[in-house]
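Worksheet for the structure shown next.
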Amino acid sequence: MKSGDAMNLTRRQFITASAMAPLAAAAGPTSVKDSVPAQAQPFDLGSVRLTDSALLELMERNRDFLQGLETDRLLHTFRLTAGIPTSAEPLVGWEKPDVELRGHFTGHFLSGCALMSAGTGDTMLRGKGNLVVAELAKCQKANGKGYLSAFPPSFFDRLKAGQKVWAPWYTLHKIMAGLLDMYVLARNEQALDVVRGMAGWTKQWTDSLSDEDMARVLRVEFGGMNEVLYNLYAVTGVKDYADAAHRFDHEHLFAPLADGRDELKGLHVNTQIPKIVGAARRYELTGDARYRRIAEFFWTQVTQHRSYATGGTSNDEHWRSDPDKLAGELGYSTQECCCTYNMLKLTRHLFAWSPEARYFDYYERAFFNGILGTMNPKNGLTMYYVPLATGYWKVFASPRGSFWCCTGTGVESFSKLADSIYFHDEDGLYVNLFVASELDWEEKGIRLRQDTALSRGEMRLRIATAKPVQLALRIREPYWTDGKMTVAVNGKPAAVVRGGGYWVVDRFWENGDELRATLPMSLHVHPMPDDDTLQAIMYGPLVLAGDLGREGLTEEMRRGGDNPPQMPKPPAAPEFVAESRDPRSWIELAARTPLTFRTKGQSRDISMLPLSRIADQRYGVYWRVTQKQA
Ligand SMILES: [Zn+2]
């Protein structure tokens, strides 16, 4: 048998099939209500459709990538471990049969299929996800005791004994999260059975360890084991899962954060963020405010004191410096993509507790500059690090040769690009992101279409409703409009109340009503906190990258292999002299191409464009800018 994929539909058949069979878009199943009610809630993925062609194109490339993966290859090492015959060609990169993280990507694959099918009604990926779940169930049955992994349980013995092993719980977390996503988002009941089996095995394993032993185990990266187990508890009401989750609440990390102390220096970044997402879930389920403090203090430290202009964090995967010391941290392995993915997840929780625009000022920055540009739009392959030292370039995974952690979070990110544009409460709607899209708010009986041309700084919302409906439309006032945003309803200045960073228009909305907002964008600098002559240039929410050409770059250098490559030192970066602190004194809008700029009066002038649009050239984000002496 070459492949388990029975579905070889043409594109036309696919579009018809998905249009005919959208997934019911009801709220996911829950058994235990959050003890802290959310102040604002996201919409189900199926309620929001992107109409932005550039974003749709990226989702399409992601779909092609997921659809192109052979399920027998994704299952190969699971079958080997379970003693089930398999003749599939093994995957390589981090999925190679002797790599200790093997199996992690199959979990991300399931999440990607679930997210994509919930968001776009994609029946092909849902079917493919279902098939993988069914085959994983067979592996689990063959293993016995609920154990399911692409490596044997002896890895956990090594962990227990304090012997060297990569990150077995990290890997299991990806598989459990993928299965739970297949249940919650794609209604696959078998996936729930399988993940419950895994949770049972987990409970037994953790029960066999003293708190001391467990503390030692938690020194090895374990992803979001607390989060997935809390989520499983919420879905099933089985308290055992919450108890097992709590064993993964990492006090060593949490205690200083709860006391408002930043002891993050030296830590591996992406090991920590998922634990905090788990802490956020614990707060929501138990109401224990200590876990809220942990999540909020962590978020503030990372986004306000440990992030670059792009919203990304980490250098060589670590926080290597004290807060606000970032000037020395620029390299070719800055800003691991998994960190951005996980920080966005965390931000959604914090916003739900306290819907304030500042959360989406960060979300927008990280989404536009740290997610969107990390896929090669030609082939759907994604990045590991986003180099931020000047003169480097973007390196993308190889099609079947990488399967990095970030390949995994990448397929999830690009399966949910419509996520978080809107949130809501009983009384109204939060418009958080300026992304062209349509919202179908079934309970209120309204549809809303957002047309946004960010390059022109305009946003328009049009309402379709069978009968007038009272609603507060809350439009985020982005920090970058500098107080110059305006809002009009049906062509007239609107009666607006400002609160929490939103412009609120609360009225009866009728069919055909239109709200227009102007979102004036201007050039501004984002200097390093510890060196204000080292500056990134922004236009509205977009970080601009300088185009430094393709000299010396080969195809080979732009493709990663088993691991992201060591990158040779680039040529010296250009430096700039500014007439004044205002970047318009040395950068101007280029005439014809939207969102393109050019420096002026420099010894070497360069073009600048949004970082997300840089694909195959050397670029720079931070520049040495000195002020002209008067
Ligand atoms: Zn990663």
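Residues are numbered in my numbering as their position in the sequence shown, beginning at 1, plus a constant of 578. Glycine included, each C-beta is placed from N, C-alpha and C at the ideal position. In this text, all values refer to a predicted model and were calculated from it rather than measured experimentally.
Buried or exposed (CB count within 10 angstroms, at least 16 for buried), residue i
i       : result
Arg839  : exposed
Met1135 : exposed
Gly624  : buried
Ser788  : exposed
Ser1158 : exposed
Gly856  : buried
Thr684  : buried
Asn721  : buried
Thr1171 : exposed
Gly1118 : buried
Lys972  : buried
Val1083 : buried
Asp1160 : exposed
Ala1095 : buried
Val1075 : exposed
Ala1156 : buried
Pro663  : exposed
Pro1142 : buried
Asp947  : It should be noted that the sequence gives Asn, not Asp, for residue 947. Answer is buried; the Cβ neighbour count reaches 16.
Ser892  : buried
Three-state secondary structure assigned by DSSP to residue i
i       : result
Arg877  : Looking at the sequence shown, residue 877 is not Arg but Trp. Correct three-state label for Trp877: helix.
Phe800  : coil
Tyr963  : strand
Met1099 : coil
Asn640  : helix
Pro663  : coil
Asn893  : strand
Tyr819  : helix
Thr649  : helix
His846  : strand
Ala810  : The displayed chain sequence assigns Leu, not Ala, to residue 810. DSSP places Leu810 in helix when its eight states are reduced to three.
Gly1061 : coil
Ala1050 : strand
Ser1190 : helix
Val710  : helix
Gly681  : coil
Val855  : helix
Gln882  : helix
Ala836  : helix
Pro600  : Residue placement at Pro600 cannot be trusted, given a pLDDT of 36 that sits under 50; the coordinates are not used to answer.
Ala1072 : coil
Val1211 : Here the chain has residues from 579 to 1208 only, and residue 1211 is not among them.
Ala632  : helix
Ala1066 : strand
Arg627  : strand
CB-CB length for residue i against residue j, believed under 8 Å
i       : j       : result
Asp818  : Lys781  : 5 Å
Arg1052 : Val1103 : About 29 Å separates the two Cβ atoms, so there is no contact after all.
Gly815  : Val610  : 5 Å
Pro675  : Leu658  : 7 Å
Thr968  : Gly1198 : 3 Å
Val1047 : Trp1087 : 6 Å
Val710  : Ala755  : Between Ala755 and Val710 the Cβ distance is about 14 Å, and since that is not below 8 Å, they are no contact.
Leu757  : Val773  : 4 Å
Glu914  : Asn848  : 6 Å
Gly1139 : Ser980  : 7 Å
Trp1201 : Lys1178 : So it is not a contact: roughly 14 Å between Cβ atoms.
Pro620  : Phe1001 : 5 Å
Thr1210 : Thr985  : The displayed coordinates of the chain run from 579 to 1208. Any statement about residue 1210 would go beyond what the structure contains.
Any non-hydrogen atom of ligand 2 closer than 7 Å to residue i Cβ
i       : result
Gly1198 : Absence of ligand 2 is noted for the structure shown, with ligand 1 being the only ligands found.
Those runs of the beta strand (DSSP E) which lie wholly inside the stretch 975–1042 and span at least 3 residues = The qualifying runs are 1000–1002, 1006–1009, 1015–1019, 1024–1031.
What are the uninterrupted segments assigned as alpha helix (DSSP H) that are 4 or more residues long and contained completely in the stretch 715–793, given in chain order?
-> The stretch 715–793 contains these whole alpha helix (DSSP H) runs: 732–738, 746–762, 767–785.
By C-beta, the residues closer than 7 Å to any heavy atom of ligand 1, given in chain order | Per the Cβ criterion, the list is Asn848, Glu914, Cys915, Cys916, Tyr962, Trp982, Cys983, Cys984, Thr987.
Continuous alpha helix (DSSP H) assignments of at least 4 residues falling wholly in the stretch 908–971 = As far as the stretch 908–971 is concerned, its whole alpha helix (DSSP H) runs of at least 4 residues are 915–931, 935–944.
What are the start and end residues of each continuous beta strand (DSSP E) run of 3 or more residues lying completely inside the stretch 1078–1143, in chain order?
-> Taking 3 residues as the minimum length, the beta strand (DSSP E) runs contained wholly in the stretch 1078–1143 are 1080–1087, 1092–1096, 1101–1106, 1109–1117, 1120–1125, in order along the chain.
Ignoring anything shorter than 3 residues or poking outside the stretch 1144–1203, list the beta strand (DSSP E) runs there in chain order.
-> Counting whole runs of 3 or more residues, the stretch 1144–1203 contains the beta strand (DSSP E) stretches 1154–1156, 1165–1167, 1175–1177, 1185–1188.
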